[in-house]
Amino acid sequence: MKLYAQYGNGPGTKITDGLQRGLIDGVIMGAKDESASYQRDFMRNHSQEHGEARLLFDPQFYACFIATKDRARLGALWGKDSHGYINGNGYFRPLRRRDLEKESDAARELERCLGYQAQMPVHALIAPNIVIRRSLDSMEAAIAKTFIRLSAERRDVVAPGKPVLATLAVSSQALSDRSELLAFLDDITLLDNPPDGFYLLLENEESTVPHTLTEPDMLARWMLFNRVFKINGFEVVNGYSDLLSPYLGAAGGDAGAAGWHGTLKSFSLDRFEPLDGRKGRASARYTSAKLLKSIKWSELEAVGGVFPEVWNDLPCDAFFKGLDEDAEPNLGHQALQNWEALRTLNQLLAIPGDPVAAIHACHAALNEAQAVYAAINDRGLTLREKSNSQHLPAIKEELNSFVRLAELSGGDSAE
Amino acid sequence: MPDATTSPQVYKNAFPTLSGFHFLAQGGYKLVLKVRLEDGKEEVLKIIQLPALGTSQESMAIHSQELGRAMREVTLLKECTCPYVVKVGSMSPELREIEGVQCVVYTEELLPGADLQKVIESGHRPDESECRLLMRCLIEAVQSIWESHGMVHRDIKPLNVFRTGQAECPFVLLDFGIAFNVNEPGLTVRTDQSPPMTRRYKAPEMADPNFRETLDFRTDLYTIGMTVFEYATGGIHPLLPKTGEDARKTITRILTMEPRKLREECPGFSPAFCQLVDSTQSKRRALRPGNLKLILRQLQS
Numbered sequence: 000m001k002l003y004a005q006y007g008n009g010p011g012t013k014i015t016d017g018l019q020r021g022l023i024d025g026v027i028m029g030a031k032d033e034s035a036s037y038q039r040d041f042m043r044n045h046s047q048e049h050g051e052a053r054l055l056f057d058p059q060f061y062a063c064f065i066a067t068k069d070r071a072r073l074g075a076l077w078g079k080d081s082h083g084y085i086n087g088n089g090y091f092r093p094l095r096r097r098d099l100e101k102e103s104d105a106a107r108e109l110e111r112c113l114g115y116q117a118q119m120p121v122h123a124l125i126a127p128n129i130v131i132r133r134s135l136d137s138m139e140a141a142i143a144k145t146f147i148r149l150s151a152e153r154r155d156v157v158a159p160g161k162p163v164l165a166t167l168a169v170s171s172q173a174l175s176d177r178s179e180l181l182a183f184l185d186d187i188t189l190l191d192n193p194p195d196g197f198y199l200l201l202e203n204e205e206s207t208v209p210h211t212l213t214e215p216d217m218l219a220r221w222m223l224f225n226r227v228f229k230i231n232g233f234e235v236v237n238g239y240s241d242l243l244s245p246y247l248g249a250a251g252g253d254a255g256a257a258g259w260h261g262t263l264k265s266f267s268l269d270r271f272e273p274l275d276g277r278k279g280r281a282s283a284r285y286t287s288a289k290l291l292k293s294i295k296w297s298e299l300e301a302v303g304g305v306f307p308e309v310w311n312d313l314p315c316d317a318f319f320k321g322l323d324e325d326a327e328p329n330l331g332h333q334a335l336q337n338w339e340a341l342r343t344l345n346q347l348l349a350i351p352g353d354p355v356a357a358i359h360a361c362h363a364a365l366n367e368a369q370a371v372y373a374a375i376n377d378r379g380l381t382l383r384e385k386s387n388s389q390h391l392p393a394i395k396e397e398l399n400s401f402v403r404l405a406e407l408s409g410g411d412s413a414e
Numbered sequence: 000m001p002d003a004t005t006s007p008q009v010y011k012n013a014f015p016t017l018s019g020f021h022f023l024a025q026g027g028y029k030l031v032l033k034v035r036l037e038d039g040k041e042e043v044l045k046i047i048q049l050p051a052l053g054t055s056q057e058s059m060a061i062h063s064q065e066l067g068r069a070m071r072e073v074t075l076l077k078e079c080t081c082p083y084v085v086k087v088g089s090m091s092p093e094l095r096e097i098e099g100v101q102c103v104v105y106t107e108e109l110l111p112g113a114d115l116q117k118v119i120e121s122g123h124r125p126d127e128s129e130c131r132l133l134m135r136c137l138i139e140a141v142q143s144i145w146e147s148h149g150m151v152h153r154d155i156k157p158l159n160v161f162r163t164g165q166a167e168c169p170f171v172l173l174d175f176g177i178a179f180n181v182n183e184p185g186l187t188v189r190t191d192q193s194p195p196m197t198r199r200y201k202a203p204e205m206a207d208p209n210f211r212e213t214l215d216f217r218t219d220l221y222t223i224g225m226t227v228f229e230y231a232t233g234g235i236h237p238l239l240p241k242t243g244e245d246a247r248k249t250i251t252r253i254l255t256m257e258p259r260k261l262r263e264e265c266p267g268f269s270p271a272f273c274q275l276v277d278s279t280q281s282k283r284r285a286l287r288p289g290n291l292k293l294i295l296r297q298l299q300s
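Taken in order, these protein sequences are the chains called A and B.
Going by numbering that gives the first Met the number 0, the first sequence wraps up at 414, each residue one higher than the last.
Going by numbering that gives the first Met the number 0, the second sequence wraps up at 300, each residue one higher than the last.
Quick look at the structure:
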């Protein structure tokens, strides 16, 4: 499974470093975070310097409804040197739902957005779409399906021959109805002119990374999308998937993505909403492949000496060792370490073409993590809510649910 | 209704221009005979019995429907250019009375060889390349009727596939009698007969009374997989025992039972092919490999 950097605010040299170290396979640029001219330069330079790296551009069209709000945080989506549809350039503009209800509306927006991307050195176009927030049997879902259905057709008009990934962005709430989900999957896998793949986004209500899985069956259903799309011959790129990437890869996903801020590890429209108070600076975190979780730097200092298996024993561990007292790893080093851990987990758990074996591997890894957590607890060391073992039973349950949904045999027999 | 025991004279009376009547098969309200035309060419005559024409609206609807169904089948076969779909014969659908029973009759080409059911029963065990070829022919046939006509065959099974021994069309799909056109309204249910579909080869979604709302070619993909499985294994059904069991048990198995894996029955076959066949047996349509072009590429590779 490939791993992409989910581009966001303050990239510094993280992406270049990640590519040079072979930790990531490409970048998903975010339209909001850089001006139009900077993004063009960045992509041109990276395509020249890292020819093998995959470049994608998330147009973040899904923020179009929020854009009608006062003080919406649109960044480079709107204004000077932006991606905004101003004077016939760009594609982004504030829209209301009724602006997209006709098929011709979707076709127009697709052409503008895909045409805009076709001028960039991207390896595949990402088609725009809205987020289905309430239900898969709703007007929003109908609009989203129209965008998906027309993605390849409009690509053929503005950029023939260029691969196109249709965006499918769904909130966890909209995934809750199982029969709606199955009917929706039936529909979107029956397309006359299918796209080459899907860019899958699962929206969490809050932009912080949930410390456990907040909605039952959410991961299982996200995995089901991956499985269904893979069986139907699509490329599947999961955005903002972070530590869930290996499970999505186990289900058949081709790629996952993670950035350096919490808002780049879990997809939420919250990052476009007007700011509601200031958010504090996040503590430094270390992603432990053994624990299948990231833990705070201070927790790593407490636990790592007694339980060396919490360390990944990989090159980026060096960023977390031998630091001055009171110093902590910088955000760039944390991002590299996180990618390194994710890459390792992807290689371990996302066994291509064999979901049954992959699910077994996931269960085995979860059992190992449980054993390490149990040993940590036995020593009287306490990890905080965001770092403790709460995720393990939740993920196991999700894997079992996925096995049932995807009609696979296996389940938790590795336990 | 005429059947296997009906005297040839009865047919001669009903079809004065035909000769050499030879019984081939009977199923539901249909009878199939081999016949010789005036020019000496042999074809397959299909005779579909209609219910007694009463004055009720239902009976009249069924009459016009059965004629329409036959016309639709013939039109489809005429327009379909796929070599793996049976071709029409020289007699267009028409109403005839045979032994006092109203019937719809028409002819199709007579294919050499035998249906897969007979081939299986003869003890033939195909190798993987022959099974791949069978799957490819059936997928192309289904792709052709779906893409150009919006039709779902709905009754693919070993009995409805002919192994011809001809290089240009080694396997041919026949009997489009209950094919469903997604662009046309639903058909009247015949209460004088049990449903024409073979329960043993029913896709899970067909058990939903509202199946017409969502039916698509993936139903045929399921039955193609089932047919290939049976052919490859010498008659083992992915879900059911060899001999029949009651309807409720059969439907329960179709809806809930995990199918047998081809790899376990044919260990010499490649994992990729086994996986492909097995994936067609998913209960949920979205989990079946719906990209037919991709499947065809996989089968040719």
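Glycine included, C-beta positions come from ideal geometry on N, C-alpha and C.
Where residue i falls: helix, strand or coil (DSSP)
i, result
"E339 of chain A", "helix"
"L57 of chain A", "In the sequence as displayed, the identity of residue 57 of chain A is Asp instead of Leu. DSSP places D57 of chain A in strand when its eight states are reduced to three."
"F318 of chain A", "helix"
"M119 of chain A", "coil"
"M59 of chain B", "helix"
"I46 of chain B", "strand"
"S171 of chain A", "coil"
"I350 of chain A", "coil"
"E93 of chain B", "strand"
"H359 of chain A", "helix"
"S302 of chain B", "A question about residue 302 of chain B goes unanswered here, because the residues of chain B that appear run from 0 up to 300."
"Q8 of chain B", "helix"
"Y6 of chain A", "coil"
"F91 of chain A", "strand"
"C130 of chain B", "helix"
"G303 of chain A", "helix"
"A165 of chain A", "strand"
"I177 of chain B", "coil"
Chain-order list of residues whose beta-carbon lies under 7 Å from that of residue i (same chain, five-residue window excluded)
i, result
"D186 of chain A", "K144"
"R20 of chain A", "L335"
"L18 of chain A", "H49, A52"
"V235 of chain A", "G196, F197, L199, N225, F228, K229, G251, G252, D253"
Exposure of residue i, with buried meaning 16 or more beta-carbon neighbours within 10 Å
i, result
"H21 of chain B", "exposed"
"V9 of chain B", "exposed"
"A246 of chain B", "exposed"
"K385 of chain A", "buried"
"T262 of chain A", "buried"
"V10 of chain A", "The question names Val, yet the displayed sequence has Pro at residue 10 of chain A. Classification for P10 of chain A: buried."
"V156 of chain A", "exposed"
"Y37 of chain A", "exposed"
"S231 of chain A", "Inspection of the sequence shows that residue 231 of chain A is occupied by Asn rather than by Ser. Under this definition N231 of chain A is a buried residue."
"R403 of chain A", "exposed"
"A173 of chain A", "buried"
"D219 of chain B", "buried"
"L274 of chain A", "exposed"
"M256 of chain B", "exposed"
Residue i Cβ short of 7 Å to the ligand FAD heavy atom set
i, result
"D241 of chain A", "Of the ligands one can find in the structure shown there are none, so the ligand FAD has no counterpart to examine."
Chain-order list of residues whose beta-carbon lies under 6 Å from that of residue i (same chain, five-residue window excluded)
i, result
"R95 of chain B", "A13, C102, V104"
"P162 of chain A", "A123, D195"
Spatial neighbours of residue i in its chain, beta-carbon cut-off 8 Å, leaving aside the 5 residues before and after
i, result
"R18 of chain B", "According to the sequence as given, residue 18 of chain B is Ser; it is not Arg. Around S18 of chain B: K11, V34, R35."
"I14 of chain A", "A4, Y6, I23, V26, H45"
"T226 of chain B", "L115, L133, L137, I155, K156, P157, V160, Y200"
> Can you list, in chain order, the residues of the region 204-225 of chain B whose Cβ is nearer than 8 Å to any Cβ on chain E?
Replying inline: The structure shown contains no chain E; its protein chains are A and B.
> Which of the residues in the region 244-274 of chain B, read from start to end, lie with their CB under 7 Å from any CB of chain A?
Replying inline: Those residues of the region 244-274 of chain B placed with their C-beta closer than 7 Å to a C-beta in chain A are E257, ordered along the chain.
> Of all the residues that make up the region 169-190 of chain A, which are near chain B by a beta-carbon distance shorter than 8 Å?
Replying inline: L181, A182, L184, D185, T188, L189
>> Across the region 314-332 of chain A and the region 370-390 of chain A, are there enough close Cβ pairs to call them in contact, namely three or more that are closer than 8 Å?
In response: no
> When you check each C-beta in the region 132-143 of chain A against every C-beta of chain B, which residues fall closer than 7 Å?
Replying inline: none
> What residues in the region 382-406 of chain A have a beta carbon less than 7 Å from any beta carbon of chain B?
Replying inline: For the region 382-406 of chain A, the set of residues with a beta-carbon nearer than 7 Å to any beta-carbon of chain B comprises A405, E406, in chain order.
> In chain order, what residues of the region 132-150 of chain B put their CB closer than 9 Å to some CB of chain A?
Replying inline: For the region 132-150 of chain B, residues whose beta-carbon sits nearer than 9 Å to a beta-carbon of chain A comprise E146.
> Is the region 168-176 of chain B touching the region 116-124 of chain B in the sense that three or more CB pairs, one from each, lie closer than 8 Å?
Replying inline: Verdict: no, contact absent.
> Does the region 361-380 of chain A come close enough to the region 392-402 of chain A that 3 or more CB-CB pairs lie under 8 Å?
Replying inline: Touching, per the Cβ criterion.
> Does the region 174-191 of chain A come close enough to the region 278-291 of chain B to have 3 or more Cβ pairs within less than 8 Å?
Replying inline: yes
> Are at least three pairs of beta-carbons, each pair with one atom in the region 137-148 of chain B and one in the region 77-92 of chain B, less than 8 Å apart?
Replying inline: yes
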